[in-house]
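A.B. asks:
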Amino acid sequence: MAKTSPTGVLDAYRKQFEKDFTIILVMRSQEMISGGRMILTFAGRSMPDPASEDCCDIWELLAKSLVDMVKEGLVQESKVHSFNIPQYTPFEDKVKDVIQKEGSFSLHSLNGFALNWPTPGIKTANF
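Note that the sequence shown covers residues 1 to 127 in the UniProt record's numbering.
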């Protein structure tokens, strides 16, 4: 998702995440032993805004690259406009909300951490 994504797109991705994550929790709950614990690790956001830059730098870089490829005649503009990566990075409140609504698990801890992706030769401030 990008800063320019329509609200409807952001909502659709959020709803799909809720549905998919709920299914994961339901299926895992059937496999867990009583009193068992589960650790999940996945990409998320540090801010509530789904188009915030803290999760989307890599996608902004890809978008800029695709625009450059259109300018160079390597890719058709219509192909870029129809290109989609179905990626949703949830904010921790949404993760908590889905776990509580599904009801099979008690949340004992939710920890976020930042990853500094190596970007040799790329200055992210120039995006």
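Think of the CB as a built atom: it goes at the ideal place given N, C-alpha and C, for glycine as much as any other residue.
I need the straight-line Cα distance from Glu92 to Thr22, nearest angstrom please.
C.D. replies: Within the sequence shown, the letter at position 92 stands for residue 92. Within the sequence shown, the letter at position 22 stands for residue 22. So the two alpha carbons sit approximately 15 Å from each other.
A.B. asks: What's the gap between the Cα of Ser29 and the Cα of Val80?
C.D. replies: For the purposes of this step, residue 29 is taken as residue 29 along the sequence shown, with counting starting at 1. For the purposes of this step, residue 80 is taken as residue 80 along the sequence shown, with counting starting at 1. Computed Cα separation, rounded: 40 Å.
A.B. asks: Closest to Glu18 by CA distance: which of Glu102, Arg45, Ala43 and Thr41 is it?
C.D. replies: Walking along the sequence shown from the start, residue 18 turns up at place 18. Per the Cα distances, Glu102.
A.B. asks: Within this structure, are the beta carbons of Val26 and Ser104 separated by less than 8 Å?
C.D. replies: Looking up residue 26 in the sequence shown gives position 26. Looking up residue 104 in the sequence shown gives position 104. Yes; because the gap between Cβ atoms is below 8 Å, this pair is in contact.
A.B. asks: What does the Cβ neighbour count give for Arg37, buried or exposed, with the cut at 16 atoms within 10 Å?
C.D. replies: Locating residue 37 in the sequence shown gives position 37, counting from the first residue. With fewer than 16 Cβ atoms within 10 Å of its Cβ, Arg37 is classed as exposed.
A.B. asks: Measure the alpha-carbon distance for Ala125 versus Met32 and round it to whole angstroms.
C.D. replies: Taking the sequence shown and counting its residues from 1, the one referred to as residue 125 is at position 125. Taking the sequence shown and counting its residues from 1, the one referred to as residue 32 is at position 32. Below a pLDDT of 50, predicted positions are generally treated as unreliable, and Ala125, at 46, falls in that range; the measurement from the model is reported next regardless. In a straight line, the C-alpha of Ala125 is about 45 Å away from that of Met32.
A.B. asks: So, using beta-carbon positions, are Val70 and Glu77 closer together than 8 Å?
C.D. replies: Stepping through the sequence shown from its first residue, residue 70 is reached at position 70. Stepping through the sequence shown from its first residue, residue 77 is reached at position 77. Against a cut-off of 8 Å, the Cβ pair of Glu77 and Val70 comes out as a contact.
A.B. asks: With which residues is Arg45 paired in a DSSP beta bridge?
C.D. replies: Working through the sequence shown from its first residue, we reach residue 45 at position 45. Beta-bridge pairing links Arg45 to Phe91.
A.B. asks: Take Thr4 as the anchor and find which of Glu72, Gly35 and Asp49 has the nearest alpha-carbon.
C.D. replies: Start at 1 with the first residue of the sequence shown, and residue 4 comes out as number 4. Measuring from the Cα of Thr4, the nearest candidate turns out to be Asp49.
A.B. asks: What do you get for Pro90, buried or exposed, if any count of 16 or more other CB atoms within 10 angstroms of its CB means buried?
C.D. replies: Sequence index remark: in the sequence shown, residue 90 carries index 90 (1-based). Buried, because 16 or more other Cβ atoms sit within 10 Å of the Cβ of Pro90.
A.B. asks: If I measure Cβ to Cβ from Ser109 and keep anything under 6 Å in the same chain, skipping five residues before and after, which residues do I get?
C.D. replies: Within the sequence shown, the letter at position 109 stands for residue 109. Closer than 6 Å at the Cβ level, and outside the excluded window around Ser109, lies no residue.
A.B. asks: Excluding sequence positions up to five away, which residues of its chain have a Cβ less than 8 Å from the Cβ of Val67?
C.D. replies: As a working mapping, residue 67 is identified with position 67 in the sequence shown. Here the set comprises Val80.
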